[in-house]
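Student: Protein chains in written order, with the working numbering: chain A, 14 to 194; chain B, 699 to 1014; chain C, 2 to 191. Even glycine gets a Cβ: it sits at the ideal position worked out from N, Cα and C.
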Amino acid sequence: MENDKNSQKIVDYIQNFSRKHSLFVLAYGTGCGAIEIPATMTSRYDAERFGIRGAATPRQADVLLITGYLSTKTLKRVIRVYEQMQEPKYVIGFGSCTINGGMYYDSYNTINGLDQYLPVDVYINGCMPRPESVISGFVKLQELIQDGKANNGEKYRENLEHYRTNQKKIIKNWKMPDYNW
Amino acid sequence: MEDLGLKIFGAILTTFMAFAVGMTYGGIVRKLTARVQNRYGPPVYQNFLDLLKLQSKKTNIAHGFMGHMAPVWIIIAAVTVLMFIPILNGNLWFPNLSFHGDLIFLLYMMVFGSLGMALGAGQTGNPNSAIGVTRGLSQMVGYEIPFVLALVALMIQYETTSVQDLTQIQHETGVWNAFANPFAFLAALFASLGMFRYSPFDIVGAPAELASGPVSEFGGKYLGTMMSGGAVFAFIKLTLYVHLFFGGAGNPDNSGIWATLAGIGILLIKTFLLYMIPVFYGWINPRYRTEQAIRYFWGWPTALGILGVLWAVYIY
Amino acid sequence: MTDLVKENKLLDAVSQAFKIKGKVIRNRRVEVYADKNMVSSILLFAKKQLGYIHMAHMTCVDWIDQGEFELVYTIYSPIEKITLFVKTRIDRENPEMENIDSIWDQANTYEREMREMFGIEFPGLVGEHDFILEDWDQIPPMRKEFDTHKYSAETFFSRPGREDAKEVRDELSKRSGTIVPDFAKKYSRE
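1. The stretch 116-141 of chain A: which residues have C-beta closer than 7 Å to a C-beta of chain C, in chain order?
2. Quick check: the stretch 84-102 of chain C against the stretch 26-42 of chain C, are there 3 or more CB pairs under 8 Å?
3. Taking its Cβ as the centre, do 16 or more other Cβ atoms sit within 10 Å of residue 755 of chain B, making it buried, or is it exposed?
4. Looking at residue 107 of chain A: is its Cβ nearer than 8 Å to the Cβ of residue 68 of chain A?
5. What's the call for residue 933 of chain B, buried or exposed, on a 16-neighbour Cβ count within 10 Å?
6. Once the 5 residues before and after residue 887 of chain B are set aside, which same chain residues still bring their CB inside 8 Å of it?
7. By how many angstroms is the C-alpha of residue 149 of chain C removed from the C-alpha of residue 115 of chain A?
8. Express the C-alpha separation of residue 958 of chain B and residue 171 of chain A in angstroms, rounding to a whole number.
9. Using the C-alpha atoms, what's the distance from residue 93 of chain C back to residue 182 of chain C?
10. What are the residues that DSSP puts in a beta bridge with residue 56 of chain C?
11. Determine the chain B residues that contact residue 160 of chain A at a beta-carbon separation under 7 Å, and present them in chain order.
12. DSSP puts residue 84 of chain A in a beta bridge; with which residues?
13. Are any of the Cβ atoms in chain F nearer than 8 Å to that of residue 21 of chain A?
14. Looking at the C-beta of residue 912 of chain B, does it have a partner C-beta in chain A at a distance below 8 Å?
15. Using the C-alpha atoms, what's the distance from residue 22 of chain A back to residue 867 of chain B?
16. Could you check how far apart the C-beta atoms of residue 736 of chain B and residue 56 of chain A are, in whole angstroms? I think they sit under 8 Å.
17. List the residues of chain A that residue 150 of chain C touches, going by C-beta distances under 7 Å, in chain order.
18. Look up residue 78 of chain A in the DSSP assignment and say whether it is helix, strand or coil.
19. Please work out which residues of its chain come closer than 8 Å, Cβ to Cβ, to residue 748 of chain B, disregarding the five sequence neighbours upstream and downstream, and give them in chain order.
20. Given a threshold of 16 other Cβ atoms within 10 Å of its Cβ, counted over all protein chains shown, does residue 189 of chain A qualify as buried or as exposed?
21. According to the Cβ coordinates, are residue 84 of chain A and residue 123 of chain A closer than 8 Å?
22. Use the C-beta contact count for residue 1032 of chain B: other C-beta atoms within 10 angstroms, 16 or more gives buried, fewer gives exposed.
23. Would you give the residue range spanned by the beta strand (DSSP E) that residue 30 of chain C belongs to?
24. According to DSSP, simplified to helix, strand and coil, what is residue 140 of chain A?
25. If you measure between the beta carbons of residue 96 of chain C and residue 121 of chain C, is that distance less than 8 Å?
26. Any idea what DSSP makes of residue 979 of chain B, helix, strand or coil?
27. Would you list the one or two residues that DSSP bridges to residue 195 of chain A?
28. Taking one C-beta from the stretch 50-63 of chain C and one from the stretch 132-140 of chain C each time, how about it: are there three or more such pairs within less than 8 Å?
29. Give me the residue from A:147, A:130, A:132 and A:166 with the minimum Cα distance to residue 138 of chain A.
30. Starting from residue 103 of chain A, trace the alpha helix (DSSP H) both ways and give me its first and last residue.
31. Give, in chain order, every residue of the stretch 68-92 of chain A whose Cβ lies closer than 9 Å to some Cβ of chain B.
32. Below 8 Å on C-beta distance, what does residue 754 of chain B contact in chain A?
33. With a threshold of 16 other CB atoms inside 10 Å of the CB of residue 833 of chain B, please say whether the residue is buried or exposed.
34. Between the stretch 955-969 of chain B and the stretch 833-846 of chain B, can you find at least three pairs of beta-carbon atoms closer than 8 Å?
35. What is the rounded straight-line gap between the Cα of residue 116 of chain C and the Cα of residue 920 of chain B?
36. Let's see if you can read the secondary structure: which residues bound the beta strand (DSSP E) around residue 86 of chain C?
Listed below in structure tokens is the structure:
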């Protein structure tokens, strides 16, 4: 039993080390904050030295960046994209619209806080956050991965009923495939 | 018996070496690309970290039997082709399985991997995959013609179809094939630009153009296997080029351990320098569409290939 | 340059042809006030006879105290470089307006937006009803009787702490003990 625990710790350490140094970000800009992503990825504030690169499809991606406000129309598509990603998967909320509604807090069409509909790992505040803030958000995500605390994919799978009731309250025409993976 | 043991040991060592060298070349190219673009880049071992992360995904989604088979076929094709190329010339450790007709065998075996990927991508039902596969195979039709013409020119010139014999002839005459039949070399060089899938011929797996083409529905372990298969294929093609045109590496008279290591070192240097040609050309070019790429390959490179065949027939 | 010759000429041409009032606001801006039945004739006249071939925008203003919607059509002439506003008023209880889809194609998009956001009927308008909002079952949201803050607070879960929104600079200066300089004060909420 003692051997088992030690070897499990080594395997976990290697897996978390490789997961945190190679993050594939889905190239999907959901809101107006997506304008800071090219600035972070190109030459001046190089994000590739951390191993972060863009991925084209949700099947290949690890991280979903919700950049900015989410209208109800976009939320339906984002939920579908999130369910297609493979575990372990992380969600980063960009900007103050994901925290408490931001400057669209009294709009009839945008949600006021992301936490009720999708499990979020890291929030980066700002409107829009500068590339230095974005990189510090990714570094915080790396620390969470190394400690083993970033398991929100499992949390979504276990609390599916809770998230579904919240989502169905605002998305009335629910025609989506069931979550079966 | 101990000969067989040495050969099996050499074969296993070849596979690991091809894998490690292919992934490291990919990492070095990423670092160099970053430096050219005036930024720091990822560390040189970044491809290994990507592979480890992809292999440690907890859930894996596949779309049926062919989806499982596609990465397996690519690995099978890569390892099979690898076994038929003599890594070092005439060495006791690394002759692998080369035989006397192997150049023709290699020509059609290299296509096997793309066939596997095409079948796997077709099973997923994603239209992006179908378009990406069609484009990849059309481009392959483009660059195969100058490549085959260059190899046929070499085969006619020296009246042999064995890679090992070609390397031996270069060793004896002292002149590299790149200078003995320059037209064939130029045609094969243009074809190599298409083979390595760097700009301007990277429309097959372009992420922004097509949601990365054939690999768009593969994730996790399947994607990791495909990426490492691609790295092994790059090493295979480079080694083949070095043996055919640049004199190969290794000393057939000496099979001791220091000579073997020196041979491997020379092989690595030659393959790396040859790899820089498509990489340099890719840094400064935008992307061609498929019909532009095919028109490019059937223009000057085919003409140079025909000139190479005529050179081999009439001058020698 | 304060002659405004072209603008006055335009105003005279339109108001004498249709017997309506108008005003020259400034250089390159002219507006006319029309009756709701004459709008399409004025627009067609301006497009064919006066050379105002480009329709820039079409919008709606909600005068809730007077019980009317005001529709504003913005058209532009690239030769004279004058923007002409054609303004009408329609009733607010049963709003209905003519479809000018056949004069300019882009009016289709603007009219669909107005049908969804204000509830104005355009007979003969072709296009899906769900244009911008999906599965909307309340009154058209741009009307002034729709309380959007109340709707948002009820439907979407708010995070506590928003109600007493404090001024960020004052809070930080109180916490850290520094003073807000004068040049920064002019961007505060007062």
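Tutor: Answer, in terms of the structure:
1. 118, 119, 120, 121, 122, 124, 125, 126 and 129
2. yes
3. buried
4. no
5. buried
6. 975
7. 15 Å
8. 57 Å
9. 50 Å
10. C:76
11. Within 7 Å Cβ-Cβ: nothing; residue 160 of chain A doesn't reach chain B, min ~17 Å.
12. A:123
13. Checking the listed chains, one finds no chain F in this structure; the protein chains it contains are A, B and C.
14. no
15. 56 Å
16. 5 Å
17. 119
18. strand
19. 922 and 925
20. exposed
21. yes
22. The structure shown does not extend to residue 1032 of chain B, since chain B is modelled only from 699 through 1014, so no value can be given for it.
23. 30-34
24. coil
25. yes
26. helix
27. Since the first and last residues shown for chain A are 14 and 194, residue 195 of chain A lies out of range.
28. no
29. A:147
30. Counting along the chain, residue 103 of chain A falls outside any alpha helix (DSSP H), though it belongs to the beta strand (DSSP E) covering 103-107.
31. 68, 69, 70, 71, 72, 73, 74 and 75
32. 28, 31 and 32
33. buried
34. no
35. 50 Å
36. 83-92
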